[in-house]
Structures are given as structure tokens and as C-alpha cells.
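J.: Chains as they are written, first to last, in this note's numbering: chain P, 1 to 266; chain L, 1 to 208.
I am attaching a structure below and will ask some questions about it afterwards.
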Amino acid sequence: MSLDMALMLPAIAVLGALGLAMAGMLVWASKAFYVPTDPLVDALIELMPGANCGACGYPGCADCAEHIVAGDVTPDVCTSCDAETFELIGELLGIDISAAEPTYPVILCQGGTNCKDRYDYIGADTCRAAILLAGTKKACSYGCIGLGDCVRACMFDAIEIADNGLPRIKKYNCKGCGACVTACPQQVLTIAKEHGPVYVVCASHDKGKYVKEVCEFGCIGCGICKKNCPEGAIKLDKALAVIDQEKCTQCGTCIDVCPRNAIVKL
Amino acid sequence: MTDVLMPALMPTENIFPLFVEAMFTKNFLLIMFLGLCSYVGLTTNSDTSKGMSMAVTFVMTMSAILTWPIYYYLLSPASFLGKDLTFLKTICFILVIAAFVQLVEFIIRKFSPPLYRSLGIYLPLISTNCAVLGVVLLNVQEGYTYGASIMYAFGAGLGYSWVMLATAAVREKLIMRGVNLFNGFIGAFFAAMMVALIVVSYFSVVKL
Chain P
1 MSLDMALMLP AIAVLGALGL AMAGMLVWAS KAFYVPTDPL VDALIELMPG
51 ANCGACGYPG CADCAEHIVA GDVTPDVCTS CDAETFELIG ELLGIDISAA
101 EPTYPVILCQ GGTNCKDRYD YIGADTCRAA ILLAGTKKAC SYGCIGLGDC
151 VRACMFDAIE IADNGLPRIK KYNCKGCGAC VTACPQQVLT IAKEHGPVYV
201 VCASHDKGKY VKEVCEFGCI GCGICKKNCP EGAIKLDKAL AVIDQEKCTQ
251 CGTCIDVCPR NAIVKL
Chain L
1 MTDVLMPALM PTENIFPLFV EAMFTKNFLL IMFLGLCSYV GLTTNSDTSK
51 GMSMAVTFVM TMSAILTWPI YYYLLSPASF LGKDLTFLKT ICFILVIAAF
101 VQLVEFIIRK FSPPLYRSLG IYLPLISTNC AVLGVVLLNV QEGYTYGASI
151 MYAFGAGLGY SWVMLATAAV REKLIMRGVN LFNGFIGAFF AAMMVALIVV
201 SYFSVVKL
């Protein structure tokens with residue numbers, strides 16, 4: 001192709017004009033629609049864990065950082081930061097932060113392989129799918145299904161399904177964000193303080209005879225704990241012992257007397 | 001050059017068949033194989049494919065609106081310059097689309113942070129997506145009128161969207177179920193092949 005000056009000049013002119021026009025428009029737009037960002041927020045986002053777990057109540061770490069800098073919340077809403085990170089954040093913001101007491105999820109079920117199966121389940125490996133099929137494969141309709149929705153919900157690799165068919169918390173990794181608690185369709189997970197109170201680790205409201213038949217550890221609602229509790233802190237709710245945590249003095253009497261080993265102190 | 005005459009602004013014939021053609025019988029993903037990188041990359045999750053579909057539909061329609069006047073009033077021999085600069089169409093279209101996408105990003109970042117978080121991250125990805133460029137180049141190649149080209153681009157965007165969402169629905173569930181065949185690139189193309197087979201055979205029987 002030979003050089004055609006009659007075409008080249010208009011081509012350069014058109015492309016140049018178009019490019020200049022677009023560049024000018026973008027320069028104007030970047031000024032007109034400039035969104036000021038606080039350098040402090042950016043520095044804080046760098047320090048935050050970046051898991052966007054949502055335990056603080058904001059959609060992500062970036063949102064949380066904005067609210068911390070704005071003074072809406074204190075940094076200790078973050079359950080995922082460790083003490084070292086809190087120190088760095090405190091240094092950055094010029095305030096003193098004591099890390100929140102670490103919390104861990106508790107599994108309110110001792111079923112797993114101790115609880116009989118009603119049928120062989122062959123289907124999607126999620127609890128949410130399994131629960132749609134005639135209750136669950138477990139004979140106990142309240143207990144843990146063990147297909148690991150909590151494992152997939154965890155962003156810190158802090159939960160796994162152990163050999164006994166139940167989730168196990170790896171405390172070293174756990175940040176207590178509660179993502180697993182939200183993910184559990186059976187609601188057998190709850191968040192507890194590490195040196196927390198005494199728990200009834202069973203969720204079954206089935207009659208005692210049935211529980212005894214299908215599960216080795218389930219609460220049968222016998223009421224021995226209720227009779228023996230010196231504080232009167234235990235009630236029975238449809239064949240399930242419920243501990244009033246405000247009255248409980250953690251004396252451990254109920255743990256000793258429970259014939260089913262269904263009460264534990266964490 | 002075939003595009004010497006400027007097409008009319010408003011279409012004189014029914015443009016609905018054109019819309020259906022862009023959406024189904026000449027679907028950009030399944031029949032024309034344009035925009036496959038985003039198709040393979042983003043269909044593992046229905047949330048991301050939803051955001052991408054919205055962004056692509058929007059950008060396709062807006063680029064058709066922008067590039068048609070530039071082509072016929074600046075580049076074509078029928079323009080006021082009177083020179084045949086149509087060989088500049090690709091670079092000009094890329095320039096205009098990229099600048100426009102950048103502008104939209106500025107605007108939604110300023111006025112709608114929630115929309116920016118859900119849509120904004122996809123916008124830079126598609127500023128020069130081949131499907132977007134394909135639509136505007138086809139518009140001028142086929143000599144569509146202004147109204148018809150906008151309709152064609154909108155249909156192409158919707159066609160892209162439904163294939164993205166359909167494939168994401170299939171892939172997401174198969175991945176959850178643990179069917180390893182559908183993980184990765186091989187799985188994406190296998191899924192695409194099956195959806196394409198359905199579309200091709202359906203529209204070879206049902207004539208529109």
C-alpha cells in the first residue's frame with residue numbers, strides 16, 4: 001500500500017481529535033466525580049485481615065475500616081484480628097485497644113457416628129440439600145447431619161468433619177466470626193466464650209425412649225440434672241434440658257449426675 | 001467500500017427478528033464464539049455472572065449508541081470530511097468504548113457505591129471485550145440503521161446474559177455436587193457445547 005497523504009492527514013487528524021476529546025472528557029470527569037479517600041482508611045484496610053467475614057456487621061473489611069475511622073465503632077468489633085494486629089491498628093489510630101475475648105463455636109450435638117442412620121444418603125454433599133429429603137438421614141431430626149456446610153462456610157480453615165462424623169473446631173485457626181453458625185441449617189452450632197458456661201450438648205426434643213434407641217449420648221429429658229441443680233437453673237423444654245446461663249454458677253453438679261453424658265463444661 | 005451511503009436513522013422494517021437473531025439464533029457466546037474468556041472465567045458462580053451480564057448488556061447497548069454516529073458522521077465517505085476513513089473503525093471504536101466505560105466507572109463510583117461494588121469491578125474487564133467490539137463492528141458491516149443497531153446490541157447483550165446465567169446455574173450445581181468433569185476449562189467448554197447443541201438444534205427445527 002502506497003502512502004496516500006490525502007488519506008493520512010485526515011486519519012491522523014480524526015484519530016488525534018477523537019483521542020484528545022476522550023482524554024479531555026476523562027480528565028474533566030476524574031475531577032468532577034472525584035471521590036475523596038481517607039489515607040487513614042487505606043492504611044487501616046491494609047492492616048485488617050481482609051477475609052470479609054462479616055462478623056463486625058459490615059459487608060467487608062473495607063466498609064468496617066471506613067466506619068472505624070469515622071468513629072462509629074471501635075476496632076474491637078473485629079473478631080478476626082489477633083492481638084498483634086490490634087496493637088498495630090491501635091498504633092495507627094493512636095488509641096488503646098484490648099482484643100476482644102476470643103469466642104469459639106460449640107456443637108450442640110454428640111451424634112455423628114453415635115447416632116443411627118435411617119437410610120443411605122446418596123446426593124449433593126451439603127447439609128442444606130440433605131435436609132430437604134424426608135428430614136435427614138440421621139434418625140435424630142434435630143442433630144448434626146455432618147455433610148460440612150460449616151466447613152465450607154469457614155474462611156479460616158478452622159473447622160473440619162472429624163472421624164466421628166461431627167465438626168471439630170481447630171481453635172488455633174478459629175476467629176469466632178460465626179460464619180459456620182449462620183451456615184448450619186440444623187442450628188446445632190452456637191458461639192460460646194472459651195471459658196464459658198456449661199452446655200447441654202444435645203438439640204433433640206424427641207421423647208426419651210426414642211433418643212435412647214437411636215443415639216448413645218442424647219438428652220432423654222429424665223430431669224435428674226434439674227432435680228440436682230443447687231441453683232434451680234435447669235428447665236426441661238419438650239424432653240430437652242435447658243440451662244439458664246444467668247443462674248448457672250458452673251458448679252458442675254449436673255455434669256456429674258447426667259446419666260447420658262450430655263452436659264459438658266467447655 | 002460498501003458503506004458509501006448512510007443508512008437511515010430510524011429503521012423502516014420490523015427490527016424484532018433482528019433482536020431475536022442476536023439473542024438466540026446468532027447468539028454471541030454459543031454461535032459466534034465471542035466473549036468466551038469472560039464466559040469461561042465467570043460462570044463458576046451465578047453472582048459474578050449476574051454482575052458481568054448486567055455490565056455487558058449495558059456496555060454493548062451504550063457502545064452501539066456511541067459508535068454508530070462516529071462511524072457514519074466521521075469515518076465513512078458519506079461524512080462531512082468526504083474521506084474513506086473506515087479502516088480506522090476498530091481503533092476508534094476501542095478508543096470510544098474504553099473511554100466511555102471509564103467515564104461510567106467514575107460516575108457510578110461517585111453516585112452509587114453499592115452499584116459500584118456489585119458492577120464496577122466488571123466494567124474495566126469488558127472495556128474491550130471481543131463481544132462488545134464484535135457487536136459494533138457487525139452493526140456497521142451489516143449497514144444497520146441507528147435504531148436497528150441499538151436493538152441488535154441490546155439483543156446481543158440479553159443473549160450473552162441468558163447463556164451466562166444458564167451455564168452458571170448448571171456449573172455451580174455440578175461443582176457443588178462434586179462432578180469433577182465440570183471443573184476448570186474443559187468443563188466450561190463441555191457445558192458450553194451442551195448448551196450450544198440445544199440452541200442450535202432447537203432453532204434448526206423452529207424457524208424464526
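Even glycine gets a Cβ: it sits at the ideal position worked out from N, Cα and C.
Note down, in chain order, each residue of its chain lying with its Cβ closer than 8 Å to the Cβ of A192/P, except the 5 sequence neighbours on either side.
T.: These residues qualify, in order along the chain: T103, Y104, P105, V106, Y199 and L266.
J.: For the alpha helix (DSSP H) that contains V170/L, what are its first and last residues?
T.: Taken as a continuous stretch (DSSP letters only), the alpha helix (DSSP H) holding V170/L covers Y146 to R177.
J.: Determine which residues share a DSSP beta bridge with Y199/P and list them.
T.: DSSP, once it has assigned bridges, lists V264/P as partnering Y199/P.
J.: Just list the residues that DSSP pairs C215/P with in beta bridges.
T.: Answer by DSSP bridge pairing, in chain order: C115/P.
J.: Does the segment 245 to 254 of chain P come close enough to the segment 166 to 179 of chain P to have 3 or more Cβ pairs within less than 8 Å?
T.: Too few Cβ pairs lie closer than 8 Å, so no.
J.: Are A98/L and S127/L close, meaning C-beta to C-beta below 8 Å?
T.: Taking 8 Å as the Cβ cut-off, A98/L and S127/L qualify as a contacting pair.
J.: Which one or two residues does DSSP pair with P105/P in a beta bridge?
T.: Paired residues: I191/P.
J.: Comparing C-alpha positions only, which one of F156/P, D256/P and A262/P sits nearest to A55/P?
T.: Nearest option by C-alpha distance: F156/P.
J.: When the Cα of G148/P is compared with those of A17/P, R118/P and D125/P, which residue comes out closest?
T.: Nearest option by C-alpha distance: D125/P.
J.: Mapping DSSP to helix, strand and coil, what is L42/L?
T.: Three-state DSSP puts L42/L in a helix.
J.: Using a Cβ cut-off of 8 Å (strictly closer), state whether M1/L contacts chain P.
T.: Note that M1/L has pLDDT 42, beneath the 50 cutoff, so the model's placement of it is unreliable and no number is given.
J.: How is I243/P classed by DSSP in three states: helix, strand or coil?
T.: Three-state DSSP puts I243/P in a strand.
J.: Residues in its own chain within less than 7 Å of V260/P by CB, not counting five upstream and five downstream?
T.: Reading the sequence as shown, one finds Arg at residue 260/P and not Val. The residues are F217, G218, C219 and I220.
J.: Measure the beta-carbon distance from Y160/L to F28/L and round it to whole angstroms, keeping in mind my assumption that it falls under 8 Å.
T.: Confirmed, Cβ separation roughly 5 Å.
J.: Going by beta-carbon coordinates alone, are I65/L and I198/L separated by less than 8 Å?
T.: Result no, Cβ atoms of I65/L and I198/L do not sit closer than 8 Å.
J.: Please return the same chain residues whose Cβ sits closer than 6 Å to the Cβ of C78/P, not counting the five positions on each side in sequence.
T.: Excluding positions up to five away in sequence, the list reads C56.
J.: Just tell me which of I255/P, T190/P and V201/P has its CA closest to the CA of L240/P.
T.: For the residues I255/P, T190/P and V201/P, the minimum Cα distance to L240/P belongs to V201/P.
J.: Measuring alpha carbon to alpha carbon, tell me which of L34/L, E21/L and Y72/L ends up nearest L133/L.
T.: L133/L has its Cα closest to that of L34/L, out of L34/L, E21/L and Y72/L.
J.: Can a CB atom of chain A be found closer than 8 Å to the CB of A51/P?
T.: Although the question refers to chain A, the structure presented lacks it and instead comprises the protein chains P and L.
J.: Secondary structure at P17/L, three-state DSSP: helix, strand or coil?
T.: Three-state result, P17/L: helix.
J.: Which bits of chain L does L18/P rub up against, with CB to CB less than 8 Å?
T.: What L18/P touches in chain L: I70, L74, C92, L95 and V96.
J.: Between M8/P and chain L, is there a C-beta pair that is closer than 8 Å?
T.: Not an interface residue.
J.: Return the first residue and the last residue of the alpha helix (DSSP H) that E46/P is part of.
T.: Per DSSP, E46/P belongs to the alpha helix (DSSP H) from P39 to L47.
J.: Whose Cβ in chain L lies nearer than 7 Å to the Cβ of A29/P?
T.: The answer, in chain order, is L103 and F106.
J.: Would you decide whether W68/L is buried or exposed? Buried here means 16 or more other CB atoms lie within 10 Å of its CB.
T.: Its Cβ being crowded by 16 or more others within 10 Å, W68/L is buried.
J.: In the DSSP assignment, find the unbroken alpha helix (DSSP H) run with E105/L in it and report its ends.
T.: Here the alpha helix (DSSP H) through E105/L covers K89 to F111.
J.: Check the Cβ-Cβ distances between M155/P and every residue of chain L, and say whether any is below 8 Å.
T.: It does not; no Cβ of chain L falls within 8 Å.
J.: Quick one: grab the DSSP three-state call for E231/P.
T.: DSSP places E231/P in coil when its eight states are reduced to three.
J.: Return the chain-ordered list of same chain residues with a C-beta closer than 7 Å to the C-beta of C154/P, the five sequence neighbours on each side being excluded.
T.: Excluding sequence neighbours, C154/P sits near A179 and C180.
J.: In this structure, does DSSP put I31/L in helix, strand or coil?
T.: Three-state DSSP puts I31/L in coil, outside helix and strand.
J.: Looking at the secondary structure, which residues open and close the beta strand (DSSP E) in which E160/P lies?
T.: First-last of the beta strand (DSSP E) with E160/P: I159 to I161.
J.: Hey, could you find the ends of the alpha helix (DSSP H) P268/P is sitting in?
T.: This structure cannot settle anything about residue 268/P, because the visible part of chain P is limited to 1 through 266.
J.: In whole angstroms, give me the CA-to-CA distance for E59/P and A70/P.
T.: The sequence shown places Pro at residue 59/P, not Glu. Between P59/P and A70/P, the C-alpha separation is close to 16 Å.
J.: Which residue's Cα is closest to the Cα of C109/P: V188/P, K207/P and Y210/P?
T.: The residue with the shortest Cα to Cα distance from C109/P is V188/P.
J.: If you draw a straight line from the C-alpha of V40/L to the C-alpha of Y146/L, how long is it?
T.: The straight-line gap from Cα to Cα measures roughly 32 Å.
J.: With distances taken Cα to Cα, identify the nearest neighbour of C222/P among P230/P, G208/P, V214/P and G232/P.
T.: The shortest C-alpha separation from C222/P is found at G208/P.
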